[in-house]
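Structure first, commentary second.
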Amino acid sequence: MTDILRAARLSVAPMMDWTDRHCRHFHRQISVEALLYTEMVTAPAVIHGDRERLLGFDATERPVALQLGGSEPDELAEATRIAAGFGYDEINLNVGCPSDRVQSGCFGAVLMERPGLVADCVAAMIAASPVEVTVKCRIGVDEQVPEEVLPAFLETVSAAGVSRFAIHARKAWLKGLSPKENRDIPPLNYPLVAEMKRAFPHLHVSVNGGITSLDHAEAFLADGLDGVMIGRSAYHEPYEVLGEADARIFGAGPGPSRHEVVERMRPYIARHLEAGGKLHQITRHMLGLFHGQPGARAWRRILSERANAPGAGLDVIDAALAPLNDLAA
Ligand SMILES: Cc1cc2nc3c(=O)[nH]c(=O)nc-3n(C[C@H](O)[C@H](O)[C@H](O)COP(=O)(O)O)c2cc1C
């Protein structure tokens, strides 16, 4: 098994505004092994935008997959070529995001209705990519019948060369639901995703949507799925999801304690501050680290209130840790 396939047994989902490079660096301190996805970046942004800001990342975050959004094969190929130069381990195409902005550009979940176009897109990306091209999709959209469209979609897109899919196990309702509602309201259909793995045993299939614990993740892996992708729970409760992941999912050694994670973040934060960055840009991703622990509320409150202040530095971290240390004493 290649490194990337191994890492894909457990991944943190792409999440706009959340899984930026600081978040990924933080998650990497908790799990050495899990695959981390970027936020979606659109192909036109990669081509015309500030590439270093959009694509730059630190090698310590790897393995990292870049998620691209788009529906124009040449543009996606060009964006893939540019992104590959930054050293990503995988390039993923977004066929699952239901936001209005994304629909109007004809990409994201609306592409579930256009498997032929998705096949053209991924074929162009594969031709331009030195690393694996994968797809994240839904089980269908709107009036589609998932039991019919999902296998047809996988058939068409895999024939174009994609062999790894992350499937968000619910439909996207493109009319009438907000993106947020589209992550909760359409019912989850895990059995259909498991059935896809049985129907296409040569494909690597990861299940996504509503998975909140490692117990839950392990059950899917035991049931034959190749990977589990976790979004919101990994963000809000990073230690619960990632803290034991290396040991339980990857058979590696035990991970660091929550306090050790904070210590590992300090040099990174110090470098960021020295370069003119703001403390809050990093600590906003760390609010959930002590979730469920005595003192967690004070940690969250002190970071939320003080990390945004002008000149906020590492002393804010010390202050946020103090109640945790007092309670532990
Ligand atoms: C804040 C936020 C932003 C998201 N942005 C993206 C995105 O850029 N691309 C994408 O494919 N999915 C995006 N998603 C969807 C997640 O990747 C994931 O499919 C969804 O949250 C379901 O998984 P979960 O129940 O484990 O959170 C986003 C989700 C959230 C909460």
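In our numbering, the protein residues as written are -11 to 317. Glycine included, C-beta positions come from ideal geometry on N, C-alpha and C.
* **residue 283 beta carbon less than 8 Å from that of residue 244** => no
* Confirm, please, whether the CB-CB distance from residue -2 to residue 241 is below 8 Å. => no
* Distance, residue 264 Cα to residue 27 Cα -> 23 Å
* Asked: Going along the chain, which unbroken runs of the beta strand (DSSP E) with 3 or more residues stay wholly within the segment 248 to 289?
  -> none
* Tell me whether residue 11 sits in a helix, a strand or coil according to DSSP, three-state version. => helix
* **Chain-order list of residues whose beta-carbon lies under 6 Å from that of residue 137 (same chain, five-residue window excluded)** => 128
* Beta carbon of residue 67: closer than 7 Å to some heavy atom of ligand 1? -> no
* Asked: What's the C-alpha gap between residue 143 and residue 187?
  -> 10 Å
* Give a yes or no on whether the C-beta atoms belonging to residue 121 and residue 113 are separated by under 8 Å. => yes
* Asked: Secondary structure at residue 184, three-state DSSP: helix, strand or coil?
  -> helix
* Asked: Would you call residue 49 buried or exposed, if buried means 16 or more other Cβ atoms sit within 10 Å of its Cβ?
  -> buried
* Mind checking whether the beta-carbon of residue 1 lies closer than 7 Å to any heavy atom of ligand 1? -> yes
* Roughly how many angstroms lie between the CA atoms of residue 72 and residue 313, to the nearest whole one? -> 44 Å
* Asked: Which term fits residue 7, buried or exposed, when burial requires 16 or more other beta carbons within 10 angstroms of its beta carbon?
  -> buried
* For ligand 1, is there a heavy atom less than 7 Å away from the beta-carbon of residue 132? -> no
* How would you call residue 133, buried or exposed, if buried means at least 16 neighbouring beta carbons within 10 angstroms? -> exposed
* To do: Can you grab the Cα-Cα spacing for the pair residue 60 / residue 250, in whole Å?
  => 42 Å
* Look up residue 59 in the DSSP assignment and say whether it is helix, strand or coil. => coil
* With residue 208 as the anchor, note down where its alpha helix (DSSP H) starts and where it stops. => 202 to 210
* Mind checking who residue 94 pairs with in its DSSP beta bridge? => Bridge partners of residue 94: none, in fact.
* Rounded straight-line distance, which links the Cα of residue 300 to that of residue 223 -> 23 Å
* To do: Using the Cα positions of residue 213 and residue 146, report the straight-line distance between them to the nearest angstrom.
  => 17 Å
* Asked: Is it the case that the Cβ atoms of residue 233 and residue 21 are separated by a distance below 8 Å?
  -> yes
* **Boundaries (first-last residue) of the alpha helix (DSSP H) holding residue 141** => 134 to 147
* Using 7 Å as the cut-off, classify the Cβ of residue 274 as near or not near the heavy atoms of ligand 1, replying yes or no. => no
* **Residue nearest to residue 191 in terms of C-alpha spacing, selected from 30, 235 and 123** => 123
* Check: residue 171 C-beta below 7 Å from any heavy atom of ligand 1 -> yes
* Whole runs of the beta strand (DSSP E) within the segment 208 to 242, excluding any shorter than 3 residues -> 215 to 218
* Give the single residue among 37, 125 and 221 whose Cα lies nearest to the Cα of residue 184. => 125
* **Bridge partner(s) assigned by DSSP for residue 154** => 124 and 194
* Is it the case that the Cβ atoms of residue 267 and residue 236 are separated by a distance below 8 Å? -> no
* Rounded C-alpha distance that separates residue 135 from residue 307 -> 53 Å
* Asked: Quick one, are the C-beta atoms of residue 149 and residue 111 less than 8 Å apart?
  -> yes
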